[in-house]
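Numbering (my numbering), first residue to last: 2 to 316.
Step one of this worksheet: look at the structure below.
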Ligand SMILES: Cc1cc2nc3c(=O)[nH]c(=O)nc-3n(C[C@H](O)[C@H](O)[C@H](O)COP(=O)(O)OP(=O)(O)OC[C@H]3O[C@@H](n4cnc5c(N)ncnc54)[C@H](O)[C@@H]3O)c2cc1C
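Written as structure tokens, this is what we have:
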């Protein structure tokens, strides 16, 4: 069965918002198409019109750093972000981690950060990373522009807290202070796939005496069907002195109180929870090492911990 849709190619953001406003739910913005075109092909969405934003790339693909702010245009591709000199700093090391895990070179040259945030799915790798960087997005709509924190952008899986005519214009990151670092990790047995069994991003800021001044931890999911922060675990860690014992206790005792994992055909909820504990410890330990400049071996937190516990003894 044929399925027909039109494609409109606006030359300005104003025009894009106007088309989306005029056509309502029948129209959807299209960036690299690496997520949306698969949904269209599988008939999971049936837009009448795709509003192709690619013509806006000359204006909306950039990574700029200055005046204490990093700005990333919504149509910047993953490949461009991965080669951006502006992000070569331990405070933005999470981007390098994300680049290591993100899809294939071909997908990375099409997939955009705006499209990734636009998916609002637990597999959208930029969501946990921008969550821990406390990033904001600029939304452009027919009524003008407004700034929304990424932590307030999602209502549910694939449902964003924005009106239909609003298009993500750019991502804003306020420069994190000295002695801070970010880390992004995704664990899967395969590489180059969308889904990890577990994805995490952490942000850590330390005082000279190793006191945790600030910490943010995000996962592909905590309780809801999109990436979220593990606020209880963060609150437990904040203000304490960083140590392996501390992060191990937080991972084993605090995180499971707030995290509800799901089983599917790829992994059980128990396995995912155990993996979450391990990669949270790995990510925090790595962030600490980046700040203090010490070489470490993250394998001291073995990935297979769960598999070595007999089923009847598992919590
Ligand atoms: C083989 C394969 C591997 C993949 N691996 C990964 C992976 O490792 N990690 C990962 O996170 N993702 C992965 N993906 C998913 C996808 O590539 C990413 O989500 C990508 O960043 C989407 O960006 P895009 O520009 O292609 O968005 P599109 O597909 O064009 O759009 C995605 C959604 O966002 C909306 N949208 C697009 N731009 C905007 C905007 N500026 N404002 C508002 N809404 C907008 C669209 O309407 C649509 O709903 C993979 C996909 C494939 C096919």
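For glycine and all other residues, C-beta sits at the position ideal for the given N, C-alpha and C.
Treat the numbers as computed from the prediction; the structure is a model and nothing was measured.
Between residue 256 and residue 184, the C-beta gap is not smaller than 7 angstroms, which leaves the two residues out of contact.
In the three-state reduction of the DSSP assignment, residue 238 falls in the helix class, which pools H, G and I. The criterion of a C-beta distance shorter than 7 angstroms is satisfied by residue 74 and residue 171. Taking C-alpha positions only, residue 246 is separated from residue 175 by approximately 31 angstroms. As DSSP reads the structure, residue 186 sits in a beta bridge with 201.
Contact between residue 48 and residue 6 holds, since their C-beta atoms are separated by about 6 angstroms, short of 8 angstroms. If you ignore the 5 residues before and after residue 152, its C-beta comes within less than 8 angstroms of the C-beta of 132, 135, 230, all in its own chain and listed in chain order. Under the three-pair Cβ rule at 8 angstroms, the region 111-131 does not count as touching the region 289-305.
For residue 155, the three-state secondary structure derived from DSSP is strand.
With contacts defined by Cβ atoms closer than 7 angstroms, residue 121 and residue 155 form a contacting pair.
Beyond the five residues adjoining it in sequence on each side, residue 56 comes within less than 6 angstroms, by CB distance, of 10, 12 in the same chain, given in chain order. Shown here, residue 142 sits in a strand according to DSSP, grouped into three states. Contact annotation: residue 24 and residue 50 have beta-carbon atoms nearer than 7 angstroms. The beta carbon of residue 222 sits closer than 6 angstroms to the beta carbons of 123 from its chain, once the five residues preceding and following it are set aside; these are given in chain order.
One Cα belongs to residue 28, the other to residue 36, and the distance between them is close to 16 angstroms. Counting the other CB atoms within 10 Å of its CB gives residue 45 a total below 16, which places it among the exposed residues.
Take residue 261, set aside five residues on each side of it, and the residues of its chain with a beta-carbon closer than 6 angstroms to its own are 224, in chain order. The secondary-structure analysis by DSSP pairs residue 28 across a beta bridge with 50. For residue 175, the three-state secondary structure derived from DSSP is strand. Per DSSP, the continuous alpha helix (DSSP H) segment holding residue 94 begins and ends at 94-102.
Annotation for residue 115: the continuous alpha helix (DSSP H) segment containing it runs 114-120. The C-alpha of residue 100 is placed about 15 angstroms away from the C-alpha of residue 87.
Under the three-state reduction of DSSP output, residue 170 falls in the strand class. Taking the Cβ of residue 168 as the reference point, at least one heavy atom of ligand 1 falls within a distance shorter than 6 angstroms. Separation of residue 228 and residue 140 (C-alpha to C-alpha, rounded to the nearest whole angstrom) is 20 angstroms.
Of all alpha-carbon atoms in 16, 186, 264, the one lying nearest the alpha-carbon of residue 144 is that of 16.
Note that the C-beta distance between residue 212 and residue 242 is below 7 angstroms.
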